[in-house]
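Here's the structure we're looking at; comments come further down.
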Amino acid sequence: MQMKFPLLAAFLGLLAVSPTHAQTDLQTERATAWKARLSAHIAGYRQFPAEALGQTGEARVTFVIDRSGRLISQALAVSTGSRPLDVAALQIVARAQPFPAPPSELNDESLTLTVPIVFNGRQFQLQPSGLVLSRPGPVLTEEDAMAAWRKVATEHVWRHRVFPSEAMGQIGNAGVTFVIDRSGKLISHALVESTGSPPLDAAALKMVERSEPFPKPPPEAKDDLQRITIFMTLDGVQRLVEPGPWADEAKLKAKINSVCRGC
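Reading the sequence shown from the start, the letters are residues -22 to -1, 1 to 241 in mature numbering (1 follows the signal peptide of the UniProt record, and there is no 0).
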């Protein structure tokens, strides 16, 4: 009788472990299938910039989505060396939202992914196996520190928005690139994408000017100057409160896609 109990315990142990392994395999399969759908979804929004025809390069875009598939932020992790190609890579990801919602097995409130985009002459390629899902960890790497700082910096700019009264009823997408030093001082800024409306373009630039001083870059920053590009939607069709921010903070904050670029 005494020998039966160890055997029984071992048998029960196998019953307990086997479903766990099966569940882990199923979770991995579903996450892999979702990443493949996500890659195919992004690839469907391909658009090669006319000014970069004949150029080649590989960009890596890191982006964060919530559980509904909404884009929270994105950043250029690796540059192609060509500004038109870099901007095109960021815009490909921006246009692809909303993304396929992550499976229930990935239960984080937000997910950080990095996608490689290879430009070759007149087309770009995106391999499903190249898309990387970054899981949160206890150690903050240099890349994590810079990504966190860029997110704080773009949110800082967003808090300094004021819609111009002369542009009420207008709507447009603007992109502004700005450079700051280690102290958070604004060195330069320029419009990289126009709304087509002079008042809206001026408002986008002034938003950045009002944001000085900016949050200081972290000690992990290798360069003395940091460049960030923000793409935003300026919407005067919604009901606004002047002077000051949009009335519906939660809804309209979703209109900005923060795109951060390192020097």
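We treat Cβ as the ideally placed atom computed from N, Cα and C, and that holds for glycine.
Limits of the beta strand (DSSP E) - the one that residue 89 falls within = 88 to 98
Check whether the Cβ of residue 51 lies closer than 8 Å to any Cβ atom in chain C.
-> Absent here is chain C; the protein component of the structure consists of one chain.
With DSSP collapsed to three states, give me the class of residue 143.
-> helix
Quick one: using the 10 Å Cβ neighbour count with 16 as the cut-off for buried, is residue 82 buried or exposed?
-> exposed
Nearest to residue 156 by alpha carbon, out of 207, 37 and 197?
-> 207
Is residue 19 helix, strand or coil by DSSP?
-> helix
Where residue 205 falls: helix, strand or coil (DSSP) | strand
Under three-state DSSP, which class holds residue 64?
-> helix
Taking 8 Å as the cut-off, decide whether the C-beta atoms of residue 56 and residue 30 are in contact.
-> no
Start and end residues, alpha helix (DSSP H) containing residue 180 = 176 to 188
Would you call residue 39 buried or exposed, if buried means 16 or more other Cβ atoms sit within 10 Å of its Cβ?
-> buried
Among 159, 166, 135 and 65, which residue has its Cα nearest to the Cα of residue 35?
-> 65
Span separating the alpha-carbon of residue 93 from that of residue 110 = 7 Å
Drop a sphere of 10 angstroms on the beta-carbon of residue 175, count the other beta-carbons inside from all chains shown, and report buried for 16 or more, exposed for fewer.
-> buried
Hey, could you find the ends of the beta strand (DSSP E) residue 151 is sitting in?
-> 149 to 158
Determine the direct distance from the alpha carbon of residue 171 to that of residue 137, and round the result to whole angstroms.
-> 20 Å
Spatial neighbours of residue 202 within its chain, please: CB distance less than 7 Å, with the 5 preceding and 5 following residues excluded, ordered by chain position.
-> 159 and 160
Spatial distance of residue 142 from residue 169 (CA atoms) = 17 Å
Mind checking whether residue 67 and residue 54 have CB atoms under 8 Å apart?
-> yes
With a cut-off of 8 Å on the beta carbons, I'd call residue 193 and residue 131 a contact; round off their distance for me.
-> 5 Å
Rounded C-beta distance between residue 196 and residue 127? I'm assuming under 8 Å.
-> 5 Å
Name the residue from 184, 95, 186 and 78 whose alpha carbon lies nearest to the alpha carbon of residue 24.
-> 95
Between residue 88 and residue 134, is the Cβ-Cβ spacing less than 8 Å?
-> no
Name the two residues that bound the continuous beta strand (DSSP E) containing residue 166.
-> 164 to 171
Is the beta carbon of residue 60 sitting closer than 8 Å to the one on residue 33?
-> yes
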